[in-house]
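A quick write-up on the structure given underneath.
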């Protein structure tokens with residue numbers, strides 16, 4: 133039964149990073165188990181997107197009906213982050229603002245080496261998993277909310 137709890141936290145954090153710590157807390161896991169499963173979930177997304185990135189990009193181009201806007205608000209923000217802080221900035225913002233999928237797609241679109249993407253995202257996932265998990269486990273009254 134414990135494996136199902138771990139799997140739930142991993143799946144929650146593959147889609148939205150904060151979902152991992154919230155799910156781990158709700159399922160009664162320790163903060164360390166929750167942090168480890170959250171890191172595993174984000175890295176699962178990062179691995180999948182990094183190694184399937186070229187195929188996904190080709191598929192997206194094939195089925196795109198109209199040409200995308202060159203400079204939308206979103207692309208300007210992405211380029212600004214890339215120019216000011218590079219992959220480190222993208223990795224740092226991935227768990228907070230971007231989703232694990234969105235941050236990885238952005239890194240892949242800037243044609244960063246796969247090893248670099250994996251390393252920077254692992255560092256970011258570890259840092260933010262510890263910070264967010266400890267913060268959630270310290271919120272008073274949250275235990276009664278999930279009971």
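Residue numbers (my numbering): 133 to 279.
Just so it is clear, CB atoms sit at the ideal spot from N, CA and C, and this is done for glycine as well.
In the displayed model, residue 204 falls within coil according to three-state DSSP, outside both helix and strand. DSSP places residue 150 in no alpha helix (DSSP H); its state is neither H nor E. Closest option to residue 222, judged by alpha-carbon separation, among 147, 151 and 239: 239. Cβ contact annotation for residue 218 (same chain, cutoff 6 angstroms, sequence separation greater than five): none. Under a 10 Å Cβ-count criterion, residue 195 is classified as exposed, with fewer than 16 other Cβ atoms of the shown protein chains found around its own Cβ. In the structure shown, the three-state DSSP call for residue 242 is coil. Rounded to the nearest angstrom, the Cβ distance from residue 249 to residue 236 is 7 angstroms, consistent with a contact under 8 angstroms. At the C-beta level, residue 257 and residue 171 come within 9 angstroms of one another. For residue 271, the secondary structure class from DSSP, reduced to helix, strand or coil, is coil.
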